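Enquirer:
Number of protein chains: 2
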Amino acid sequence: MNIKTQKKRSYDQWCAIACSLDIIGERWTMLIVRDLLVGSKRYKDLLTGLPGIGTNLLAQRLRELEGQGVIERTALPAPASATVYGLTERGQGLEPVLSALGRWGFQFLRKPKSTDAMLPDPFFVSLRASFRAERAPDLRERYAFRVEGRVYEVAIADGKITTRDGDPTDPVATFTVDAKTLFALRRRELTPKQAIARGKVKAEGDPGALERFVEATAWSKEMIAPTQ
Amino acid sequence: MNIKTQKKRSYDQWCAIACSLDIIGERWTMLIVRDLLVGSKRYKDLLTGLPGIGTNLLAQRLRELEGQGVIERTALPAPASATVYGLTERGQGLEPVLSALGRWGFQFLRKPKSTDAMLPDPFFVSLRASFRAERAPDLRERYAFRVEGRVYEVAIADGKITTRDGDPTDPVATFTVDAKTLFALRRRELTPKQAIARGKVKAEGDPGALERFVEATAWSKEMIAPTQ
DNA sequence: CTGGATCCCTCACGATACTG
DNA sequence: CAGTATCGTGAGGGATCCAG
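Residue numbers (numbering that gives the first Met the number 0), protein chains in the order written: chain A, 0 to 227; chain B, 0 to 227.
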């Protein structure tokens, strides 16, 4: 229609925090960045990972983030014929922000409401913020998770954890599991043995791997807020 | 009017980041927390520190934050007869979030636009995020800043910096200065000597104090983005 | 099918006026 | 000073439609 003279809403303060919020402070924006932290994604994947966002709003946010150099769109070569959105280096720089938010928000995670979506991407992002190296000082292995049609790699090495979207090479084990079970394991509402016995987790590879993974990443009882 | 059955807008995700954003993700909320990080404030002080916020919106945000246990209102005793808003322990826990935002947003701070407000509170908060201990390993002193009718304390000790709203006891020096000059010093557009010579800073006490303060807190040339 | 654009309704935001 | 009341505007959210 008319030329987009979108005078973007701004806090108009010469302040680093206000500047950040001018760029990533609007609704949905940080959650888009969160999902991209585990790997580049297509439009549709972002849409399904953010239940409730309007498709117009997602398109607008992606445009704004691209304009600010936070994300970039890449056209996949011939056969795929798809565009993927990924974080730029500047966008990767937001990981400390999201981690800090995750650590602060953890105290509010109670028993999930019936309306709460439990999605795989937030699970794998949040592993980074809460991983405790001292629980697995000498662990060094790589797992594959098949969750709701997607594949994730989790690698633990040198007291650090990395998580990403995509197929790992040579994992010690591959788990097929849904997001809800992953959260239940993390909350220790379910032991690894139970999960496998009840068919909640299908494990291939090293039989002890799930137990080691859970031990390194699950929350302690005290960390979990009381019900409701 | 009717009973406030405010079904608050929520992301409805069982995710620590989404939970955080449900609480502090709405417009203006993090800036309110930012200003309270330097000390408790009265309604009016918050209002003037956040140009552009509607008074109704500020009242609503304060109500929400109080309901979530992020801030608390305290009635000052008899003569003052005022209520002040301050962060609870839970609210103080947001400092890492704001610091991370500040560090990320720093790269976007260019020459201020004519519409950009330069306010004292953001200045003193941002000192925390960017203070480099190695520049002043053995510095241990306390300054007072009188800025636009308010007084701030900045204390450097043991390679750490603290900043707060209020009158310090026994500062090595007291500076009377406006926010714009503080930012200019930090950007090294003005040397301490110049600032004093031009009457931009009125210094009482130790004559070398301003120079030491600037040396410990100013940005290096490389940190400052090119003009516009 | 993916990657959006368009429409439309609602509510949150933002400015101003008003009150205890 | 510390808010509440009111109201116009535009951003958010859901459904549908369209181009490659």
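Ideal Cβ placement from N, Cα and C applies to all residues, glycine included.
Computed from a prediction, not measured in an experiment: that's the story for all the values here.
With distances taken between CB atoms, is the gap from B/Val213 to B/Asp177 smaller than 8 Å?
Expert: By one-based count along the second sequence, residue 213 of chain B stands at place 214. By one-based count along the second sequence, residue 177 of chain B stands at place 178. Not in contact: B/Val213 and B/Asp177 (Cβ atoms no closer than 8 Å).
Enquirer: Using the Cβ count rule (16 or more neighbours within 10 Å means buried), how would you classify A/Lys40?
Expert: Reading the first sequence from its first residue, position 41 is the one you call residue 40 of chain A. When all chains shown are included, A/Lys40 counts as buried.
Enquirer: Hey, how far is the Cα of B/Ala215 from the Cα of B/Pro191?
Expert: The residue given as residue 215 of chain B occupies position 216 in the second sequence. The residue given as residue 191 of chain B occupies position 192 in the second sequence. Going from the Cα of B/Ala215 to the Cα of B/Pro191 covers about 12 Å.
Enquirer: Nearest by alpha-carbon distance to B/Thr20: which of A/Arg89, A/Leu97, A/Ile16, A/Val83 is it?
Expert: Within the second sequence, residue 20 of chain B is the residue found at index 21, counting from 1. The sequence given here places Leu at residue 20 of chain B; Thr does not occur at that position. B/Leu20 has its Cα closest to that of A/Leu97, out of A/Arg89, A/Leu97, A/Ile16, A/Val83.
Enquirer: Pick from A/Val171, A/Thr180, A/Ala135, A/Leu189: whose alpha carbon is nearest that of A/Asp157?
Expert: Sequence index remark: in the first sequence, residue 157 of chain A carries index 158 (1-based). Between A/Asp157 and the set A/Val171, A/Thr180, A/Ala135, A/Leu189, the nearest pair of CA atoms involves A/Ala135.
Enquirer: Residues of chain A with a CB under 9 Å from the CB of B/Asp11: which are they?
Expert: Reading the second sequence from its first residue, position 12 is the one you call residue 11 of chain B. What B/Asp11 touches in chain A: Pro50, Gly51, Lys112, Thr114, Asp115, Ala116.
Enquirer: Indicate whether the contact test is met: 3 or more Cβ pairs, each with one atom in the stretch 105-116 of chain B and one in the stretch 103-122 of chain A, closer than 8 Å.
Expert: In short, these stretches do not touch, since the Cβ pair count stays below three.
Enquirer: Taking 8 Å as the CB-CB cut-off, is A/Gly294 touching chain B?
Expert: Outside the displayed range of chain A (0 to 227) lies residue 294 of chain A, so it cannot be described from this structure.
Enquirer: Is the stretch 179-193 of chain A in contact with the stretch 116-135 of chain A, if contact means three or more CB pairs nearer than 8 Å?
Expert: yes
Enquirer: Taking Cβ to Cβ, would you say A/Gly101 is nearer than 8 Å to A/Ala128?
Expert: Position 102 of the first sequence holds residue 101 of chain A. Position 129 of the first sequence holds residue 128 of chain A. A distance below 8 Å separates the beta carbons of A/Gly101 and A/Ala128.
Enquirer: Have a look at A/Lys262 and A/Phe174 and give me their C-alpha separation to the nearest angstrom.
Expert: As shown, chain A starts at 0 and ends at 227. That puts residue 262 of chain A outside it, with no answer to give.
Enquirer: I'd like to know whether the C-beta of A/Ser125 is nearer than 8 Å to at least one C-beta of chain B.
Expert: Walking along the first sequence from the start, residue 125 of chain A turns up at place 126. Yes, A/Ser125 lies at the interface with chain B (some Cβ there is under 8 Å from its Cβ).
Enquirer: Where do the N-terminal and C-terminal ends of the beta strand (DSSP E) with B/Tyr151 fall, by residue?
Expert: Numbered from 1 along the second sequence, position 152 holds the residue referred to as residue 151 of chain B. Element bounds for B/Tyr151: 149-156.
Enquirer: In chain B, what lies closer than 9 Å to A/Trp218 by C-beta?
Expert: In the first sequence, the residue the question calls residue 218 of chain A occupies position 219. Within 9 Å Cβ-Cβ: nothing; A/Trp218 doesn't reach chain B, min ~11 Å.
Enquirer: Put B/Val176 into one of helix, strand or coil per three-state DSSP.
Expert: Stepping through the second sequence from its first residue, residue 176 of chain B is reached at position 177. Strand at B/Val176.
Enquirer: Going by CA-CA distance only, name the one from B/Glu152, B/Glu133, B/Gly204, B/Tyr84 that's closest to B/Asp34.
Expert: The residue given as residue 34 of chain B occupies position 35 in the second sequence. Considering only alpha carbons, the answer is B/Tyr84.
Enquirer: B/Thr28: buried (16+ other C-beta within 10 angstroms of its C-beta) or exposed?
Expert: Taking the first residue of the second sequence as 1, we reach residue 28 of chain B at position 29. Buried: at least 16 other Cβ atoms inside 10 Å.
Enquirer: If you draw a straight line from the alpha carbon of A/Ala154 to that of B/Arg139, how long is it in whole angstroms?
Expert: In the first sequence, residue 154 of chain A corresponds to position 155, counting from 1. In the second sequence, residue 139 of chain B corresponds to position 140, counting from 1. Cα to Cα, A/Ala154 sits roughly 44 Å from B/Arg139.
Enquirer: Alpha carbon to alpha carbon, how far is A/Leu118 from A/Arg185?
Expert: Here residue 118 of chain A corresponds to residue number 119 of the first sequence, with the count starting at 1. Here residue 185 of chain A corresponds to residue number 186 of the first sequence, with the count starting at 1. Approximately 14 Å between the Cα atoms of the pair.
Enquirer: Note down the Cα distance separating A/Arg72 from B/Ala99, rounded to an integer number of angstroms.
Expert: As a working mapping, residue 72 of chain A is identified with position 73 in the first sequence. As a working mapping, residue 99 of chain B is identified with position 100 in the second sequence. Roughly 26 Å separates the two Cα atoms.
Enquirer: Using the rule of at least 16 other Cβ atoms within 10 Å of the residue's Cβ for burial, across every protein chain shown, is A/Arg8 buried or exposed?
Expert: Along the first sequence, one-based indexing puts residue 8 of chain A at 9. By the 10 Å Cβ count, A/Arg8 comes out exposed.
Enquirer: What residues from chain A crowd round B/Leu100, counting only those whose CB sits closer than 8 Å?
Expert: Within the second sequence, residue 100 of chain B is the residue found at index 101, counting from 1. By Cβ distance, chain A contributes Ala15, Ile16, Ser19, Leu20, Val96.
Enquirer: Nearest to A/Gln67 by CA position, among A/Leu45, A/Ala143, A/Gly24, is which residue?
Expert: Residue 67 of chain A sits at position 68 when you count from the first residue of the first sequence. If we check each option's Cα against that of A/Gln67, A/Gly24 comes out closest.
Enquirer: Taking 8 Å as the cut-off, decide whether the C-beta atoms of B/Gly51 and A/Tyr42 are in contact.
Expert: As a first step, residue 51 of chain B is located in the second sequence; it is residue number 52 there, counting from the start. As a first step, residue 42 of chain A is located in the first sequence; it is residue number 43 there, counting from the start. No, the pair does not count as a contact, with Cβ atoms beyond the cut-off.
Enquirer: Looking at the structure shown, is A/Gln227 part of a helix, part of a strand, or coil, going by DSSP?
Expert: For the purposes of this step, residue 227 of chain A is identified with residue 228 of the first sequence, where counting begins at 1. Model confidence at A/Gln227 stands at a pLDDT of 36, short of 50, so the residue's coordinates are unreliable; what they give is reported in the following sentence. In the structure shown, A/Gln227 sits in coil (DSSP, three-state: anything other than H, G, I, E or B).
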